[in-house]
DNA sequence: TCGGCAGTTGACCGATCGGTCAAGAGAGCC
DNA sequence: GGCTCTCTTGACCGATCGGTCAACTGCCGA
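Residue numbers (the UniProt record's numbering), protein chains in the order written: chain D, 1 to 200; chain U, 1 to 200.
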């Protein structure tokens, strides 16, 4: 035809869904096509390979995440940091509501499974993580300038630490069958312990 | 026989190797059999399924880890905590030396990939994580009794936090192509920020 | 009006997947 | 010696995997 316009998007969104409720290995191209109501030939018109689809899904999530994180600027660093924790918790709570349990971080899941398998996907994930971490780092530097960072705390290392903690905490919730509501709480703890006493 | 005796062990060790350099989905039963020099029928004599093999690999790593963590008891809590950080870093450095890069945590990798796919494997991983966390918690409680914990820090939550941080930090090193040598350093940071000033 | 081209379709491919099975082979026990 | 039980073998299975292809369809610009 070809008519359409939204075929590619339907594929990406359907596979984003499937990848969250399963894994890269457990989701076949046929599964994706069925979920998106698209024939396989059409799929391969838009994506040269299954791995390329994964990258598109990564981009989808990365855009959504950065948009959400950029929302709360123009506030104090402490509030922004806690806002990030709430945002992460909110996203995970949304996933939990949709899928019935904590299904992990879209980046972290693919990173754990594919980093050692496909270098191009790993690069894609690495840059998504880097952008995420830079967003954290900007807030941490703001905190340093505001003087609310505990002495000896390096803002860049704190940003890295926050990201690591986020990933690890989500993973533990996923494997342990824990609720998403506690994820934000532990992130708040981590933030507070790095701030001076009395900094909200 | 049936001669042998070490066939099962060879299978488990070979697949532990393959699972670290790849993923559960990227390693086939045929791969495992070839690496262990075992025919497929023999494999299925010892393991009813591929998933059951994964559980055996989990047990292998869990035993090795707990043995390593139990080594440094009878010291101050602060030293023991830092000892745990060094142990984790040492394990990862060993993997890095063997595989040429950081390949992730054996538990974390499988947890991310299989938690949403196979509930029995997820249970297995959850109990491995729980034992690990309990080991951490024991040291954190010791730290509390020694009075070296910063005020407001809950030992159980700290143990959970340490585990989460460990997992996240290893994942970031894996996807970012970072060196394993820095993993221990960030864990030391996290421990120090939770201890009172002056506590070694 | 017509040609080209993005999009679509469904049939098809070889490879590989996890798993099965009947038959054999050797150690240990009687 | 012979029985049994564990282990081993290699051939085999249907299903599914990621990916290809030639043909078709309809919009759009010339």
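Note that CB positions come from ideal geometry on N, CA and C, so glycine has one too.
Answer with buried or exposed for residue i, where buried requires no fewer than 16 other C-beta atoms within 10 angstroms of its C-beta.
| i | result |
| --- | --- |
| residue 55/D | buried |
| residue 208/D | Residue 208/D falls outside the range modelled here, since chain D spans only 1 to 200, and no answer is possible. |
| residue 41/U | exposed |
| residue 176/U | buried |
| residue 161/D | buried |
| residue 179/D | exposed |
| residue 169/D | buried |
| residue 108/D | buried |
| residue 5/D | exposed |
| residue 89/U | buried |
| residue 120/D | exposed |
| residue 122/D | buried |
| residue 64/U | exposed |
| residue 174/D | buried |
| residue 98/U | exposed |
| residue 39/U | exposed |
| residue 181/U | exposed |
| residue 118/U | buried |
| residue 184/U | buried |
| residue 71/U | exposed |
Between residue i and chain D, is there a C-beta pair that is closer than 8 Å?
| i | result |
| --- | --- |
| residue 61/U | no |
| residue 44/U | no |
| residue 98/U | no |
| residue 193/U | yes |
| residue 26/U | yes |
| residue 147/U | no |
So, does the CB of residue i fall closer than 8 Å to a CB anywhere in chain U?
| i | result |
| --- | --- |
| residue 186/D | yes |
| residue 189/D | yes |
| residue 115/D | yes |
| residue 111/D | yes |
| residue 23/D | yes |
If residue i sits next to residue j, beta carbons under 8 Å apart, how far is it from one beta carbon to the other, in whole angstroms?
| i | j | result |
| --- | --- | --- |
| residue 25/D | residue 44/U | That pair is no contact at about 21 Å. |
| residue 163/D | residue 133/D | 5 Å |
| residue 165/U | residue 190/U | 5 Å |
| residue 156/D | residue 130/D | Rounded, the Cβ-Cβ distance is 12 Å, inconsistent with contact. |
| residue 66/U | residue 16/U | Not confirmed; about 16 Å, so no contact. |
| residue 69/U | residue 84/U | 6 Å |
| residue 7/U | residue 46/U | 7 Å |
| residue 62/D | residue 128/D | 4 Å |
Between the options, which lies nearest to residue i when the distance is taken from Cα to Cα?
| i | options | result |
| --- | --- | --- |
| residue 10/U | 27/U, 141/U, 34/U and 28/U | 34/U |
| residue 20/D | 185/D, 165/D and 96/D | 96/D |
| residue 27/D | 123/D, 113/D, 159/D and 180/D | 113/D |
| residue 167/U | 111/D, 137/D, 153/D and 194/D | 111/D |
| residue 73/D | 135/D, 195/D and 155/D | 135/D |
| residue 172/D | 106/D, 156/D, 102/D and 7/D | 102/D |
| residue 106/D | 98/U, 105/U, 100/U and 116/U | 116/U |
| residue 151/U | 58/U, 47/U, 194/U and 66/U | 194/U |
| residue 196/D | 149/D, 187/D and 51/D | 149/D |
| residue 77/U | 100/U, 198/U, 192/U and 140/U | 140/U |
| residue 37/D | 104/D, 51/D, 14/D and 87/D | 14/D |
| residue 158/U | 18/U, 81/U, 52/U and 7/U | 81/U |
| residue 22/D | 8/D, 104/D and 30/D | 104/D |
| residue 250/D | 75/D, 100/D and 29/D | In the structure displayed, chain D extends from 1 to 200; residue 250/D sits before or after that span and is not available. |
| residue 186/U | 75/D, 127/D and 154/D | 154/D |
| residue 142/D | 18/D, 79/D and 100/D | 79/D |
| residue 146/U | 94/U, 75/U and 31/U | 75/U |
ask   = Using a Cβ cut-off of 8 Å, which residues of the region 156-180 of chain D contact any Cβ in chain U, in chain order?
value = Taking 8 Å as the Cβ-Cβ cut-off against chain U, the residues of the region 156-180 of chain D that qualify are 157, 160, 161, 163, 164, 165, 166, 167, 168, 169, 171, 172, 174, 175, 176 and 177.
- [ ] Determine which residues of the region 118-145 of chain D have a Cβ less than 8 Å from any Cβ of chain U, and write them out in chain order.
- [x] Going along the region 118-145 of chain D in chain order, one finds 122, 125, 126, 129 and 130 with a Cβ nearer than 8 Å to chain U.
Selection of the region 80-108 of chain U by Cβ proximity to chain D, strictly under 7 Å: 103, 104 and 108
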